[in-house]
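Have a look at the structure below before the remarks.
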Amino acid sequence: MNKQIFSALVLFYFFFSTSSFAQTAADTTQTTKISKLFRSQRVVPIKMSYSRKEMKKETNDSSYITTNFEYQTSEGNWKSIGLQLRKRGNFRLKNCTFPPLKLKIKKDSAKGTIFKGNKRLKMVMPCSAQSGNNNKVVKEYMAYKFYEQLSPYHFKTRLLEIDYTDMKNKKPKNYKFMGFLIEDDKVVAKRYNGKVLNRNVHPLHQEVVCSVRHAFFQFMIGNTDYSAAYGHNVKLFFIDKNTVPVPYDFDMSGLVNARYAVVSQINNETLPMENVRQRLYRGFKQPNDVFQQVRQEYLGQKDAIYAIIEDCKPMFDDDSEYEKAKEYIQDFYQILINDAKFSKEIVKVARTK
């Protein structure tokens, strides 16, 4: 039989032969509850003010500061919400003017607003106010939307137009930039009647399709700054008696290509890469039928992924940055389509330990 015809038949077969767990997951998402904040794709204008110096100095995992926070409703009105915030992150905290934030929202204050049902949220902002950094935010947001399309288990996000005033002692300074919110992991767990796992589980002991699907995604966006085994930028959930990985924080990926991005060395492991734009598959060796199944899933979602990129185009400040992002994802699909490239760059380099 012709090799190309055989490959096509294999892909066709595995498109309709998804695991029962994957089918259950897809069915589950149709009946899950999503808070009002994440039901719409409308960009939410917000205003907030706090002392950046105080935030960096006074906050930690358990200490928050109070901030003035307002958001604009779909009707154009402004509503105030009582919330507190603290710094979060590691690399961005040390290297960025605006590190990521963790928000804690008062239940009574959230009542009657789009924030109802969200006690805690993460907020991502540009690293600095330099020109072009909004593009990096949009590309990281886009990565979250990709995974939302590709996996039933994901973090919901909401894009923001941020009007931030740094309350300095002498003269407050105002900044305007893009950002986005990420839902809390406990909300994700509750949506699927699961729980957050606070222990390490090796990828070879995670639900096999979810594990490979996750590894494909990291390869897709060119990200090696993660460890599904050690919980670095990956949250594990226990759902339907299975361990499911869900990724977050993609600023070090080749897709985003942040100015500070460097090739990660997790557990002092030096990777054979010169820069973050190079791709390296970091998933583990699994049965070939699983690789082919997930491959077909991704190919089947290609048009939807390209539609997400197109939807984000108006948010870019620079058309060339948009084109680079689009070409980067197109290059990934060229690998998936080509049997030889797929074997060379994914199947044959899959890890065994």
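Numbering (mature numbering (1 follows the signal peptide of the UniProt record, and there is no 0)), first residue to last: -22 to -1, 1 to 331.
Idealized CB from N, CA, C, for every residue including glycine.
Just so it is clear, the structure is predicted and the values come from calculations on it, not from any experiment.
{"Item": "Neighbourhood of Ser11 by C-beta, 7 Å cutoff - its chain only, sequence neighbours within 5 removed", "Value": "Position check: residue 11 holds Lys in this sequence, whereas Ser was assumed. Result list for Lys11: Arg169, in chain order."}
{"Item": "Secondary structure of Asp95, DSSP reduced to three states", "Value": "Per the sequence presented here, residue 95 reads as Gly, with Asp not at that position. Coil."}
{"Item": "For Arg273, the first and last residue of its enclosing beta strand (DSSP E)", "Value": "Not the beta strand (DSSP E): Arg273 falls in the alpha helix (DSSP H), residues 266 to 278."}
{"Item": "Val325 - partner residues in DSSP beta bridges", "Value": "Note: Val325 sits in no beta bridge, so no partner."}
{"Item": "Element boundaries [alpha helix (DSSP H), containing Tyr259]", "Value": "Looking at the DSSP string, Tyr259 is not in any alpha helix (DSSP H), and its letter there is neither H nor E."}
{"Item": "Where Ala121 falls, given that 16 or more other Cβ within 10 Å makes a residue buried", "Value": "buried"}
{"Item": "Terminal residues of the beta strand (DSSP E) in which Gln62 lies", "Value": "56 to 65"}
{"Item": "Delimiting residues of the beta strand (DSSP E) encompassing Met156", "Value": "151 to 161"}
{"Item": "Straight-line gap, Ser298 to Pro181 (C-alpha atoms, nearest Å)", "Value": "37 Å"}
{"Item": "Reduced DSSP secondary structure (H/G/I, E/B, other) of Arg237", "Value": "coil"}
{"Item": "For Gln312, three-class secondary structure by DSSP", "Value": "helix"}
{"Item": "Length-filtered (4 minimum) alpha helix (DSSP H) runs lying within the stretch 102 to 146", "Value": "111 to 128"}
{"Item": "Between the CA atoms of Lys134 and Phe310 - distance to the nearest angstrom", "Value": "24 Å"}
{"Item": "Range of the contiguous alpha helix (DSSP H) that encloses Phe216", "Value": "Counting along the chain, Phe216 falls outside any alpha helix (DSSP H), though it belongs to the beta strand (DSSP E) covering 212 to 217."}
{"Item": "Cα-Cα separation between Phe155 and Asp162, rounded to whole angstroms", "Value": "23 Å"}
{"Item": "Unbroken beta strand (DSSP E) run spanning Arg27, endpoints", "Value": "Note that residue 27 corresponds to Ser in the displayed sequence, not to Arg. Start and end: 22 to 28."}
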